[in-house]
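Q:
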Amino acid sequence: TNASCSESDVGVVCTCDEGYAGEGETACEPVDCGGLDAPTDGGIVIDATTFGASARFTCDAGFTLVGAVERVCQADGTWSGEVAFCSSIDCGGLTAPTNGSVAVPSTGFSATATYACNPGYLLEGDGARTCQMSGTWSGSAPTCRLVECGALAPPVEGTVMVDRTTLGGTATYACNEGWTTMDPLTRTCGVEGS
502 TNASCSESDV
512 GVVCTCDEGY
522 AGEGETACEP
532 VDCGGLDAPT
542 DGGIVIDATT
552 FGASARFTCD
562 AGFTLVGAVE
572 RVCQADGTWS
582 GEVAFCSSID
592 CGGLTAPTNG
602 SVAVPSTGFS
612 ATATYACNPG
622 YLLEGDGART
632 CQMSGTWSGS
642 APTCRLVECG
652 ALAPPVEGTV
662 MVDRTTLGGT
672 ATYACNEGWT
682 TMDPLTRTCG
692 VEGS
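Heads up, the sequence shown is in our numbering, so the first residue is 502 and it goes up one at a time.
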């Protein structure tokens, strides 16, 4: 078993197939690659250590595998690939949006980054992002939009004067001669854009 045999001048000669060792005539055992250690902060699932066997590596929560997920025992008695290890997940830094800021107390697994906009700007998009197992931040980077309340139409039989349509802008209403209003005569552009 696990040998190739052929006739020669001296009779039948058997040699072990690739990945098997022995004298060939009576025994050809699978080559043994030896054991493998589980990575620090991780684990290993290994079915055997002989030719053709495979070992799969995993990492604990908060760590990511660097190296081959699987290694196979090869015919030459060595494991394929390089030694794998578990590295703590780091999503890296984040850039603050224009006219805003981002608070990133940590860039490791499960850390939360919080975005804010400068006064006069509204946050559009994700206000918070979390470092995921994949080593990437959830969601996408938000933007800060200038608070804009827009133009106002004058009332019937009146006028409106607007100093600016952005945050803090004031609209002043006036009625034509002979007309009056019970409503306030001024409005201010607020932080929500209205």
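Ideal Cβ placement from N, Cα and C applies to all residues, glycine included.
Could you check whether Ala642 and Pro598 sit closer than 8 Å to each other, using their CB atoms as the reference points?
A: For Pro598 and Ala642, yes; Cβs fall inside 8 Å.
Q: Rounded to a whole number of angstroms, what is the C-alpha to C-alpha distance between Ser635 and Leu623?
A: 30 Å
Q: Assess contact between the stretch 521 to 540 and the stretch 549 to 563, defined as three or more Cβ pairs (one per stretch) separated by less than 8 Å. Is contact present?
A: yes
Q: From Ser602, Asn677 and Thr644, pick the residue whose C-alpha is nearest to that of Glu658; which is it?
A: Asn677
Q: Beta strand (DSSP E) containing Ile545: first to last residue?
A: Gly543 to Ile547
Q: In chain order, which continuous runs of the beta strand (DSSP E) of length 3 or greater are located wholly inside the stretch 565 to 636?
A: 571 to 573, 586 to 589, 601 to 604, 613 to 618, 622 to 625 and 629 to 631
Q: Give the DSSP-derived three-state secondary structure of Trp638 in the structure shown.
A: Trp638 falls in the strand class under three-state DSSP.
Q: Using the DSSP secondary-structure output, state which residues sit across from Leu647 in a beta bridge.
A: Partner(s): Tyr622.
Q: If you draw a straight line from the alpha carbon of Gly628 to that of Phe610, how long is it in whole angstroms?
A: 18 Å
Q: In the DSSP assignment, what are the bridge partners of Glu678?
A: Partner(s): none; Glu678 has no beta bridge.
Q: What residues are listed by DSSP as bridge partners for Val513?
A: Glu508
Q: Using DSSP with H/G/I as helix, E/B as strand and the rest coil, what is Cys529?
A: coil
Q: Can you check whether the CB of Cys592 is closer than 8 Å to the CB of Asp561?
A: Not closer than 8 Å, so no.
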